[in-house]
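In what follows, a structure is listed as structure tokens, so that the remarks can point back to it.
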């Protein structure tokens, strides 16, 4: 089978998943109560709910029609509204706020992924090439503590030991959508939008500051990012490390490694080219689970570090003063879409690298 | 035809006295567990935590209060933020580890917290595993359309990051039904059963084509009997490993959800819970407090360490158990 047929088949499998996902989210909302969904738009009392609900596409006696309307609204970008009294943002469309907070989350998640791979691959290679050595045992305990560590607890420990103290820790700043880099009183650089406070052109500050030639801002962005990224990395490193080690031990016993040794290939090259390349392939298959853990870590870390991303938005939406149901659904959907898309890319990448998978 | 009747002892064949093979298997497992010191340490710590939890349920006055929720009501001075009592012997056994916000005694609160942290997590893992194993095994055995539908359903649950899924389900079920802790428990079960469904499905697929299942089928055993008597027992041991690994993770997620303030609880009615205790110290989700940063380090350190010790122990035990029960890894 060719690669493009594999991609087409993989895309077809995606369709039932997405339909099921939308049904699941809709059922959750329906269980929450149709009239409560309407009350975000209007002040609704029980007796006029039936009159007002159809205006926002909710039909009290017809869940199927409501579901179809909901899906249509999702596709056309009408994800409900958010805000009002008790919420930290003024009233506006859910999708608008999500689009503003999204780049920050991507920046955090990508940095954590890159850092954990940079650490895990060399470390896993070293540990896996010497199973049952002292380094192996230390690595095992390290990865075990990563699994077991409460992310929020670790985050505060890091703030306490390496942060600049609570007084300079940004809690009331709203610059670059809360990256804590500029507050209201400072003037924004020209490459930052004054309305959305997003940097241009990619909306990811780490990249934009370099593109616009502002190394000072790059250093500040990095400074702000480093503790959250370390916190997430510590949690997900454990999983990657464990799989790379297992893969290394597995492929070290293969016949072709023995052949390579027998014909006198240097040990360094055996580890790098014969063992590691084959050990990294199966690791890719567990990336889906790791990304799931990573995104969960992102939610916690964004709360701990007051980092204005989707996770922060999602948790603010369930505060006791104002429960923003449309934002909860929208945030959940965004996280789900990130996970689904990453899994798709990973599967295709895997098929591209390992031709056996296509048969 | 003459009957052949030979006593094996006469031929010099030594007959071993076999007691029940399952008991033998258990004995050898225990022997291996005893050899694996790290797993043994994990088991002892986990057992100790469970002992405290049982004590919390069975005899609440041992913590010094008749009702655990009263830890909060009685020790709180309304409207006055007090300086937390520092840890030490001088203030009596209840304040051995000091006091936290409103001078809630930290030691009884932490020990009492296991009632929720460990009790609910055990319930969640038990129900999740039961549902997951049943669904996974049945769909693998029946195959065809049932199996396909089951796989697509688990796909849906795997397509949402589990923490986000738990947050969303808790928030909506909770606000809709107003059922106190029920929303959280339902949410965690919804998050957890697909893991067991996937695991037991893959195991059941390889078991159902084995000879003894085929033989049972040929002998006229019913589908129900085949699934529950022949297939499920072979799925249980890896599932048990997964459960022992998961209990630490669920406790962690449970504490995280409480830390994030998923359930809108006022300080007055908050159940003793480790995530809430850490929250008192750092002040998220409406509990305005920065005790940790003001230098009252014990309010932060002790609940976190108490949680960390359990999760590390559960992981050690689960890891060791996997090494023991998986013959491929056994040397």
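Protein chains in written order, with my numbering: chain R, 1 to 359; chain G, 360 to 690. The beta carbon of each residue, even a glycine, is placed where N, CA and C say it ideally should be. Predicted model only: the values in this text are computed from it and were never measured.
Asked                                                                                                                                               : Found
Rounded to a whole number of angstroms, what is the C-alpha to C-alpha distance between residue 14/R and residue 39/R?                              : 34 Å
Any C-beta of chain R within less than 8 Å: which residues of the stretch 388-420 of chain G qualify?                                               : none
To the nearest angstrom, how far is it from the Cα of residue 380/R to the Cα of residue 138/R?                                                     : The question about residue 380/R has no answer, for chain R in this structure spans 1 to 359.
Beta carbon of residue 472/G, beta carbon of residue 684/G: below 7 Å?                                                                              : no
Please classify residue 339/R as buried or exposed, where buried requires at least 16 other C-beta atoms within 10 Å of its C-beta.                 : buried
Helix, strand or coil for residue 581/G per DSSP?                                                                                                   : coil
So which residues on chain R does residue 527/G lean against when the C-beta distance must stay under 7 Å?                                          : 28, 328, 332
Buried or exposed: residue 88/R, going by 16 or more other Cβ atoms within 10 Å of its Cβ?                                                          : exposed
For a test of the three-state rule: what should DSSP assign to residue 544/G, helix, strand or coil?                                                : helix
Whole angstroms is fine: what's the gap from residue 484/G's alpha carbon to residue 599/G's?                                                       : 10 Å
Short check: CB of residue 585/G to CB of residue 575/G, under 7 Å?                                                                                 : yes
Would you tell me roughly how many angstroms separate the C-alpha atoms of residue 411/G and residue 305/R, rounded to the nearest one?             : 34 Å
Taking the alpha-carbon positions, what's the residue 212/R to residue 191/R distance?                                                              : 7 Å
Report the three-state DSSP secondary structure of residue 463/G (helix, strand or coil).                                                           : coil
Is residue 551/G buried or exposed, if buried means 16 or more other CB atoms sit within 10 Å of its CB?                                            : buried
Once DSSP output is grouped into helix, strand and coil, what is the label at residue 40/R?                                                         : coil
How many Å lie between residue 262/R and residue 118/R at the Cα?                                                                                   : 32 Å
Return the CA-CA distance between residue 529/G and residue 617/G, expressed in angstroms with no decimal places.                                   : 11 Å
I need the straight-line Cα distance from residue 120/R to residue 238/R, nearest angstrom please.                                                  : 9 Å
Please state if the CB of residue 156/R and the CB of residue 228/R are separated by a distance shorter than 7 Å.                                   : no
DSSP on residue 620/G, reduced to helix/strand/coil?                                                                                                : coil
Between residue 309/R and residue 25/R, what straight-line distance do the alpha-carbon atoms span, to the nearest angstrom?                        : 21 Å
May I have the straight-line CA-CA distance separating residue 609/G from residue 560/G, to the nearest angstrom?                                   : 22 Å
Going by CA-CA distance only, name the one from 303/R, 333/R, 100/R, 123/R that's closest to residue 197/R.                                         : 100/R
Given a cut-off of 7 Å on the beta-carbon distance, is the pair residue 593/G and residue 566/G in contact?                                         : yes
Please identify, using Cβ separations under 7 Å, the residues of the stretch 297-311 of chain R that lie next to chain G, in order along the chain. : 299, 300, 303
Residue 199/R by DSSP, collapsed to three states: which one?                                                                                        : strand
Please list the partners that residue 674/G has in chain C, where partner means a Cβ-to-Cβ separation under 8 Å.                                    : Judged by its chain identifiers, the structure shown contains no chain C, and its protein chains are R and G.
With distances taken between CB atoms, is the gap from residue 401/G to residue 611/G smaller than 7 Å?                                             : no
Is it buried or exposed, residue 316/R, if we count other Cβ atoms within 10 angstroms and call 16 or more buried?                                  : buried
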